[in-house]
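Protein chains in written order, with the numbering used here: chain A, 746 to 1008; chain B, 8 to 263.
See below for the structure under consideration.
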Amino acid sequence: MGNKWMRGWPPLAVIALCAAAWEAAVRLFAIEPYILPSPSAIVREAMQPNVWPRLEMHTLATVWRTLTGLALGVLAGTLLAAVIHLVPGARRAAAPLLVLSQTVPYIVLVPLLLIWLGFGDEPKIVLIMLVCFFPVTVAMLTGLRECDPALRGYLAMIGADRWTIFAKLELPNAVPYLFSGFRIAAAYSVTTTVAAEWFGGGSGLGYYIKLSYSGFQTGRVFAGTIIIIAFSMLMFGLAALIERLVVRWKPEAERRGGHGAGA
Amino acid sequence: MAPALEVRDVVKRYGDKEVLAGVSLTVEDGEFVSLIGPSGSGKSTLLKVIGGLEPAEQGEIRIDGRRAEGRRGLIAYMPQQASLLPWRTVAGNIELALGIAGVPRGEAKRLAREWLGRVGLADYADAWPHTLSGGMQQRVSFIRALLSPQKLMCLDEPFGALDALTRQHMQEWLLSMWEANRRAVLLVTHSIEEALLLSDRIVVLSARPASVLRELAVPFGRPRSAKLWKTPEFAELRDAIYDLLKPAAAGGSDGA
């Protein structure tokens, strides 16, 4: 535990230092609050009785959408990877389509999804799924394929069938890869939700920020943004925590080295 | 009684390269046979044919009297790398292999615990494989093969990846294990000493394309010990096999 604090305090100190410099600069140069509010002004604004309950409500809406979209996206990405892996020839057929799906700018998808699915939660959740499935599918496909050839050879030699090799070798091998995809998806999911809320609907931090921005309530824009950042980091940490709990078999050193994006 | 393994005139080609040029050998029930040959001579290919992973162009494989070409799961197998799944405990790895071989789950659990205890690894039953040393991992890999119900065990250079000292200890350990639990064993190795110490019979393969150069019975009685190394007969046999395996005696490396 003590060790964690030792590693945790330098970034925290840097953040505190930046906030202090920000505060000092705003006061020193007497910057108007609608251009750049100081950190203390942001906190004061957020704590106002007509602001805080609304921030809470919109945060809850964003959290719920993000978690739903992320869960469905990860599920879809995992299943898709398994199907592509198990159906002979599907990998080659699907690879260009997968990449193509990512070249469509998702801003363009928003109005289309609104036309098709209305102004409720559905288009937003579908958008989050579309953004989240890709890193999961790609990472998972790599994990399913890149098993130790010695293990593959051994299992074939003792007569394991296709299903056993999938369930006992390929799937467990893919789990750490799945988590590196999951961490990226978790980070994407929050920004996607906020963007989707910006474009339509009447709830969520994206909507609230847009509203505050139109009313020159810069303090509230910052308050919403800070909550989004905190939520994103929480999601990233949550993904890392789940990974630690699930992948217990790895050597300590390898685990810290990890796959993909390490925090 | 049918031999545990009968390989007759097996020919195997990759494209137009002949790897096995009519190899024949048998392993009787309860017999320890070593297959020795220069590296790249097709020993591992022969094992893959026996294991049913690779088809042969010609010839016959019988395991326990039944035709076995292209059929998998008829042999117990110990590969060069311990090949323990890193996400399963030591006992879990043994149980998985026994499960694939058709041993009921409860029985597999009991056998794994019992035998880990017997080879001094009781404390490691619930450990992750990476916490074990190379020699310990190979002991797990061996009992995993030993406990599999198939009649024939194929060991593919099981100590090839170990350091010299561990390798020698493991050979002595395997000798005592096998003498206490006689099974039909086909051991692939390129160590002449290892083959002499462990086997009843040695089959010497030529360089590629592989054919049987010679088959010789190992005249030492059992139980054996590592002291065998120092006897003049051992040295004599070792030199004889060594001469057989000299590149000049084996001919060119390629060409049919």
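Yeah, the Cβ is synthetic: ideal placement off N, Cα and C, and Gly gets one too.
Cβ contact check for the segment 226-245 of chain B and the segment 72-79 of chain B: 3 or more pairs under 8 Å
no
Measure the CB-CB distance between B/L27 and B/L53 and report whether it falls below 9 Å. For the purposes of this step, residue 27 of chain B is taken as the residue at position 20 of the second sequence. For the purposes of this step, residue 53 of chain B is taken as the residue at position 46 of the second sequence. Against a cut-off of 9 Å, the Cβ pair of B/L53 and B/L27 comes out as a contact.
* Asked: From the beta carbon of A/H987, is the nearest beta carbon of chain B less than 9 Å away?
  -> Here residue 987 of chain A corresponds to residue number 242 of the first sequence, with the count starting at 1. Looking at the sequence shown, residue 987 of chain A is not His but Ile. Not one chain B Cβ lies under 9 Å of A/I987.
| query | Within 10 angstroms of its Cβ, does B/T138 collect 16 or more other Cβ (buried), or is it exposed? | reply | The residue you call residue 138 of chain B lines up with position 131 of the second sequence. Exposed, since its Cβ has fewer than 16 Cβ neighbours within 10 Å.
*Taking the alpha-carbon positions, what's the B/G37 to B/L162 distance?*
Locating residue 37 of chain B in the second sequence gives position 30, where the first residue counts as 1. Locating residue 162 of chain B in the second sequence gives position 155, where the first residue counts as 1. Rounded to the nearest angstrom, the two C-alpha atoms are 15 Å apart.
Run through chain A and tell me which residues come within less than 7 Å of B/R94, C-beta to C-beta. Position 87 of the second sequence, counted from the first residue, corresponds to residue 94 of chain B. Checking the sequence shown, residue 94 of chain B turns out to be Trp, not Arg. Here the neighbours are P917, W994.
Item to complete: State yes or no: is the beta carbon of A/M978 nearer than 9 Å to at least one beta carbon in chain B?
Response: Indexing the first sequence from 1 puts residue 978 of chain A at position 233. Not an interface residue.
Quick check on DSSP: helix, strand or coil for A/C763?
Along the first sequence, read from residue 1 onward, the residue named residue 763 of chain A stands at position 18. Residue state, collapsed to three classes: helix.
>> Tell me which residues share the same chain as B/R79 and place their Cβ nearer than 6 Å to its Cβ, disregarding the 5 neighbours each side in the sequence.
In response: Reading the second sequence from its first residue, position 72 is the one you call residue 79 of chain B. The residues are G59.
Check: Are the Cβ atoms of A/T938 and A/R810 separated by less than 9 Å?
Finding: Stepping through the first sequence from its first residue, residue 938 of chain A is reached at position 193. Stepping through the first sequence from its first residue, residue 810 of chain A is reached at position 65. Contact flag set, yes.
Close-in-space but distant-in-sequence residues of the same chain around A/G949 (CB under 6 Å, 5 per side omitted): Here the question's residue 949 of chain A lines up with position 204 in the first sequence. Within the same chain, A/G949 has close Cβ partners H803, A806, T807, E942.
Answer yes or no: do A/S783 and A/W767 have a C-beta to C-beta separation smaller than 9 Å? Position 38 of the first sequence, counted from the start, is the residue given in the question as residue 783 of chain A. Position 22 of the first sequence, counted from the start, is the residue given in the question as residue 767 of chain A. The answer is yes: Cβ separation under 9 Å.
* Cβ distance (whole Å) where A/Y933 is taken to contact A/C877 below 8 Å -> By 1-based counting over the first sequence, the position of residue 933 of chain A is 188. By 1-based counting over the first sequence, the position of residue 877 of chain A is 132. So it is a contact: roughly 6 Å between Cβ atoms.
Q) Counting only beta-carbon atoms, is A/Y734 nearer than 9 Å to chain B? A) In the structure as shown, chain A starts at 746 and stops at 1008, and residue 734 of chain A therefore has no counterpart that could be examined.
Discussion item. By the 8 Å beta-carbon criterion, what residues does the segment 103-122 of chain B contribute toward chain A?
Written reply: So the close ones are L103, A104, I107, A108.
### Task
Could you say which of B/Q87, B/L81, B/R146 lies nearest to B/I101 if we only look at CA atoms?
Along the second sequence, one-based indexing puts residue 101 of chain B at 94. Residue B/R146 is the option with its Cα nearest to B/I101.
Discussion item. Tell me which residues share the same chain as A/L862 and place their Cβ nearer than 6 Å to its Cβ, disregarding the 5 neighbours each side in the sequence.
Written reply: Residue 862 of chain A sits at position 117 when you count from the first residue of the first sequence. P868, listed in sequence order.
ask   = For B/D246, which of helix, strand or coil comes out of DSSP?
value = Here residue 246 of chain B refers to the residue found at position 239 when the second sequence is read from its first residue. In the three-state reduction of the DSSP assignment, B/D246 falls in the helix class.
Evaluate B/Y131 with the Cβ neighbour count: other Cβ atoms within 10 Å of its Cβ, from every protein chain shown; 16 or more gives buried, anything less gives exposed.
Indexing the second sequence from 1 puts residue 131 of chain B at position 124. So B/Y131 ends up on the buried side.
- Message: Counting only Cβ pairs nearer than 7 Å, list the residues of chain B close to A/A895.
- Response: What you label residue 895 of chain A is simply residue 150 of the first sequence in a count that begins at 1. Neighbours of A/A895 on chain B, chain order: P86, Q88, S90.
- Task: For my contact list, B/M184 and B/F227 are in at a C-beta cut-off of 8 Å; report their separation, rounded to the angstrom.
- Result: As a working mapping, residue 184 of chain B is identified with position 177 in the second sequence. As a working mapping, residue 227 of chain B is identified with position 220 in the second sequence. Your pair B/M184 and B/F227 does not check out as a contact, with CB atoms roughly 17 Å apart and the cut at 8 Å.
So which of B/M143, B/G109, B/D250 has the shortest CA-CA distance to B/G124?
Taking the second sequence and counting its residues from 1, one reaches residue 124 of chain B at position 117. For B/G124, the nearest C-alpha among the options comes from B/M143.
message = Rounded to the nearest angstrom, what separates B/K19 and A/P921 at their Cα positions?
response = The residue you call residue 19 of chain B lines up with position 12 of the second sequence. The residue you call residue 921 of chain A lines up with position 176 of the first sequence. Distance between the alpha carbons of B/K19 and A/P921 is about 39 Å.
Does DSSP put B/L212 in a helix, a strand or coil?
-> Taking the first residue of the second sequence as 1, we reach residue 212 of chain B at position 205. Note: B/L212 maps to strand in three-state DSSP.
Is B/W122 near B/L154, with beta carbons less than 9 Å apart?
Against the second sequence, residue 122 of chain B aligns to sequence position 115. Against the second sequence, residue 154 of chain B aligns to sequence position 147. Against a cut-off of 9 Å, the Cβ pair of B/L154 and B/W122 comes out as a contact.
| task | To the nearest angstrom, report how far apart A/N918 and A/L845 are at their CA atoms. | result | Counting from 1 along the first sequence, the entry for residue 918 of chain A is found at position 173. Counting from 1 along the first sequence, the entry for residue 845 of chain A is found at position 100. Taking the straight line joining both Cα atoms gives about 27 Å.
Point to revise | DSSP three-state assignment for A/L979, whether helix, strand or coil | key: What you label residue 979 of chain A is simply residue 234 of the first sequence in a count that begins at 1. If DSSP states are grouped into helix, strand and coil, A/L979 belongs with the helices.
Simplified DSSP assignment, three categories, for A/E891: For the purposes of this step, residue 891 of chain A is taken as the residue at position 146 of the first sequence. Of the three classes helix, strand and coil, the one that applies to A/E891 here is coil, per DSSP.
So what's A/F864 in DSSP terms, helix, strand or just coil?
-> Translated into positions along the first sequence, residue 864 of chain A becomes position 119. Coil, per DSSP.
In terms of residue numbering, what span does the alpha helix (DSSP H) encompassing A/F944 cover? Your numbering for residue 944 of chain A matches position 199 in the first sequence. Taken as a continuous stretch (DSSP letters only), the alpha helix (DSSP H) holding A/F944 covers 916-944.
* Same chain, Cβ closer than 7 Å to A/A786, neighbours up to 5 away in sequence not counted -> On the first sequence, residue 786 of chain A is found 41 positions in, with the first residue counted as 1. If we look at A/A786 and ignore the five residues flanking it on each side, its Cβ neighbours are P778, G964.
Q) In terms of DSSP beta bridges, what is B/V17 paired with? A) One-based indexing of the second sequence puts residue 17 of chain B at position 10. The partner list for B/V17 (beta bridge, DSSP) reads B/V30.
Inter-residue Cα distance where the pair is A/L843 and A/L886: Taking the first sequence and counting its residues from 1, one reaches residue 843 of chain A at position 98. Taking the first sequence and counting its residues from 1, one reaches residue 886 of chain A at position 141. Cα-Cα distance, rounded: 12 Å.
* Asked: Under a CB-based cut-off of 9 Å, is B/L153 close to chain A?
  -> As a first step, residue 153 of chain B is located in the second sequence; it is residue number 146 there, counting from the start. Chain A, which has no Cβ nearer than 9 Å to the Cβ of B/L153, makes this no.
7 Å Cβ cut-off: residues of chain B touching A/A905
To locate residue 905 of chain A, count along the first sequence from 1; it is residue 160. Here the neighbours are I107.
Q.
Any beta carbon of chain A sitting closer than 9 Å to that of B/A83?
A. Taking the second sequence and counting its residues from 1, one reaches residue 83 of chain B at position 76. Chain A, which has a Cβ nearer than 9 Å to the Cβ of B/A83, makes this yes.
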